[in-house]
Amino acid sequence: MGMQRGTVYTRRVNDQGLFDYYEYTFNSADELFQLCLKTVNPTTVDRIVLEGDDETGEHRLVTLKFQSVTRRNPD
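When the sequence shown is numbered by the numbering used here, its final residue is 81 and no position is left out of the sequence of numbers.
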């Protein structure tokens with residue numbers, strides 16, 4: 007039982023105003039922490055997917071979805 011691996015999906019707006027998406031895998035909470043707090047080429051966390059087995063041995067996925075809104079000041 008327990009988490010076997012996780013994936014962080016992030017995004018960044020490119021020069022054309024479109025989203026580029028990135029995918030990073032992690033195996034521990036420390037690795038997840040480092041991925042979410044990158045300061046070099048930072049991206050916005052879109053979702054985190056945790057994979058593992060429950061107490062009965064069934065494979066499970068837990069998805070944590072994040073939303074962020076950018077508000078532009080009208081000029």
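Just so you know, even glycine gets a beta-carbon here, dropped at the ideal spot from N, CA and C.
How big is the Cα-Cα spacing for residue i and residue j?
{"i": "G8", "j": "Y27", "result": "28 Å"}
{"i": "L67", "j": "Y30", "result": "16 Å"}
{"i": "N33", "j": "G58", "result": "11 Å"}
{"i": "L24", "j": "N47", "result": "16 Å"}
{"i": "E64", "j": "Q40", "result": "29 Å"}
{"i": "T62", "j": "K44", "result": "36 Å"}
{"i": "K71", "j": "T49", "result": "15 Å"}
{"i": "D2", "j": "E37", "result": "It is not possible to answer for residue 2, since the shown part of the chain is limited to 7 through 81."}
{"i": "A35", "j": "Q73", "result": "21 Å"}
{"i": "N20", "j": "C42", "result": "19 Å"}
DSSP puts residue i in a beta bridge; with which residues?
{"i": "M6", "result": "Given a span of 7 to 81 for the chain in the structure shown, any question on residue 6 remains unanswerable."}
Minimum length 4: unbroken alpha helix (DSSP H) runs contained in the stretch 20-73: Considered as a whole, the stretch 20-73 harbours 35-42 as its complete alpha helix (DSSP H) runs of no fewer than 4 residues, in chain order.
Stretch-stretch touch, CB-based, cutoff 8 Å, three pairs: the stretch 9-27 with the stretch 52-62: Verdict: yes, contact present.
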